[in-house]
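Below is one structure, written out as structure tokens; the observations come after it.
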Amino acid sequence: MTACGRVCTTPVSATTHGFGSSQVAAYADFCNANIKALLTGGVTSPYLPGALDGEVQGLLLQANWMGNARPVIQGRLTLNTGMPLQATLFELVQEIAGRLQRQIGPRQQIGLTTDLLILDDPAMHGSTDAIRLDGAERGERAIVVTSSDRFSLHWDRNTTPDQLVDRCLADIDLPDSTRGVVYSLRGAGTADTFSMRRVPQAVIRSGGRPPGVAGRFYPDDPDKLAQQVQACFADAARAGTSSTGQAWPAAMVPHAGLRFSGAVAAGTLSLLEIPESVIIFGPKHTRHGVPWAVAPHDSWQLPGGDMAGDPDLARFLAEAIPGLELDAEAHSQEHAIEVELPLIRHLAPEAKIVGVVVGNGDLDSCRGFAENLAVVLDQLDTPPLLLISSDMNHFATDSENRRLDELALQAMETLDPSRLLRTVRENNISMCGVLPAVIVMETLIRRGALSQHQRTGYATSAETTGDSSRVVGYAGMLLG
């Protein structure tokens, strides 16, 4: 390496992996020198001269110092593709140095130690309900358990693969209705143990929830939004679905952009008598936050005026329903609830809104949710309106979409939530809010409040775009 920090020796490409202990130790020492250089303003180098380079599937770099109980860890993991070893390792060095600048002083930097785990050769070992650990030997392979929004990785020279699986499962605490996938990767490390995990964490923020999709799903200009909302209700009136509100306990409305589904939603909402509070149940479209999340906000900010939240009711729900957490992060970019708010504000500007998103589940978990929700509602002086936010099937041709949507709607009209869920899953109908629908219907059943329905409208995106080759369906339904 020259004085200016450039590497004069080209890295050697690794044609086969399986790193030896001396190679991994050399990388760890090289990372240590680079971290210290970044902390002190010294010269760094992104490449270790003469060292192997190539594609790997995982890297864990950890730094520690005298008197510190837990190392600082940065890592990368990719199970389907590779990553460049040396370039990625230097990124981890920079990230750790950035964190250490806020945590340690010059004396601690002198005694800084680093350890490194390099992972390659991934293998799948089935799902968490049918694990096959053939070929995963003690001390040779790391275990990874992953699902859609979380993962855990453990590597330990002195622990069996079965025990590593147990550690991973304890880390990620999979919901009962969720299956994880189990992988192993060949590991070479400088320490006896390494671990890394990513698990959604609830974030509780009070105050107003800023708009997440204004300017995309509806206009961010107050005047233009008011005009579009008026147009939605005018279109609903022309379609004959607008009338005087009645006291239905629940309804389903779509949540696409207002220009696509706003008329169906407006027509449905106009048939309702909207009480003091509304709980909107929607699917979870993003990976942000926890799987079952109720918004903790005091208000919902919208162009042209906010709507009130109901944080007391939100807390009551989170305390009463196992698995449901107060979490602002899950709602930060979610559109399923937000899109309904301009329409509700038009009809009932004083209504208080509670938003709940549901990311996963099965019939049993939905029934458990509903049983506890019904207990909560029974304790309220005035029950809130339960609003299901859901689009119907996505991205088939117009004729096929209408066929699939009719299957789902007819199943819903039997007033049997288990039949609705079974129909949707057996026919691969991408009704995104089917779990919220099942929860609300099961809740009504427990309260003796589900004996009738009224279909209020149906449309597809082809009616707006003119393109019938790939559409989304939108339906309205009253339940009571």
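Position one of the sequence shown corresponds to residue 3 (our numbering), numbered consecutively onward. Built from N, CA and C at the ideal position, the CB exists for glycine as well. Small disclaimer: the values here were computed from a predicted structure and weren't measured.
Rounded to whole angstroms, the gap between the alpha carbons of asparagine 395 and valine 341 is 18 Å.
Counting of Cβ neighbours within 10 angstroms places asparagine 36 among the buried residues, the total reaching 16 or more.
Between the C-alpha atoms of valine 474 and serine 463 there is a straight-line separation of about 5 Å.
The criterion of a C-beta distance shorter than 8 Å is satisfied by leucine 62 and methionine 198.
Aspartate 178 counts as exposed, since fewer than 16 other beta carbons sit within 10 angstroms of its beta carbon. Counting only runs of 4+ residues, the alpha helix (DSSP H) found wholly inside the stretch 384-441 occupies 400-415 and 419-428, in chain order. Here proline 285 is bridged, per DSSP, to Val360. Between arginine 109 and arginine 143, the C-beta spacing is not below 8 Å. Residue environment analysis places threonine 416 among the exposed positions, since fewer than 16 neighbouring C-beta atoms fall within 10 angstroms of its C-beta.
Around the beta carbon of threonine 467, a 10 Å sphere encloses fewer than 16 other beta carbons of the protein chains shown; the residue is thus reported as exposed.
Distance between phenylalanine 283 and serine 453, taken at the CA atoms: about 20 Å.
Here proline 224 is exposed. Its C-beta has fewer than 16 other C-beta atoms within 10 Å. In summary, glycine 209 is exposed, with fewer than 16 beta-carbon neighbours lying within 10 Å of its beta-carbon over all protein chains present.
With at least 16 other beta carbons inside 10 angstroms of its own, alanine 316 counts as buried. In the DSSP assignment, alanine 125 falls outside any alpha helix (DSSP H) and within the unbroken beta strand (DSSP E) covering 115-129. In the structure shown, alanine 238 adopts helical secondary structure according to DSSP, grouped into three states. Counting every other CB atom within 10 Å of its CB across the protein chains shown gives lysine 286 a total of 16 or more, marking it as buried.
Arginine 140 and tyrosine 476 have their alpha carbons spaced roughly 53 Å apart.
Proximity to serine 367 across Thr80, Gly69 and Ser420 peaks at Ser420, based on C-alpha coordinates. In the DSSP annotation of this structure, arginine 207 is not part of any beta strand (DSSP E), being labelled neither H nor E.
In this structure isoleucine 346 is buried. Its beta-carbon is surrounded by 16 or more other beta-carbon atoms within 10 angstroms. Within 10 angstroms of the beta-carbon of asparagine 82 lie fewer than 16 other beta-carbons, which makes it exposed.
Distances from the alpha-carbon of alanine 204 to those of Ile106, Gly306, Val255 and Ser334 put Ser334 closest.
Take the alpha-carbon of valine 426 and the one of aspartate 393: they are about 13 Å apart. Under DSSP, the beta-bridge partners assigned to leucine 187 are Ala144.
In this structure, tryptophan 157 and isoleucine 106 do not form a Cβ contact; the two beta carbons are roughly 26 Å apart against a cut-off of 8 Å.
Secondary structure note for valine 45: it is in no alpha helix (DSSP H), with a DSSP letter that is neither H nor E. Its chain contains Gly60 as the residues whose beta carbon lies nearer than 6 Å to that of leucine 79, once the 5 sequence neighbours on both sides are disregarded; these appear in chain order.
The stretch 358-366 and the stretch 291-306 touch, with no fewer than 3 CB-CB distances between them shorter than 8 Å. The secondary-structure analysis by DSSP pairs arginine 211 across a beta bridge with Trp302. Your pair glycine 311 and isoleucine 355 checks out as a contact, with CB atoms roughly 6 Å apart and the cut at 8 Å. Per the C-alpha coordinates, the member of Gly370, Leu382, Glu402 and Ser272 positioned closest to phenylalanine 318 is Leu382. The beta carbon of alanine 228 sits closer than 7 Å to the beta carbons of Gly306 from its chain, once the five residues preceding and following it are set aside; these are given in chain order. Excluding five sequence positions before and after alanine 99, the CB atoms of its chain that fall closer than 7 Å to its own CB belong to Ile37, Leu40 and Leu41, given in chain order.
Counting along the chain, the unbroken alpha helix (DSSP H) around asparagine 374 starts and ends at 365-380. Phenylalanine 92 and valine 45 have their alpha carbons spaced roughly 13 Å apart.
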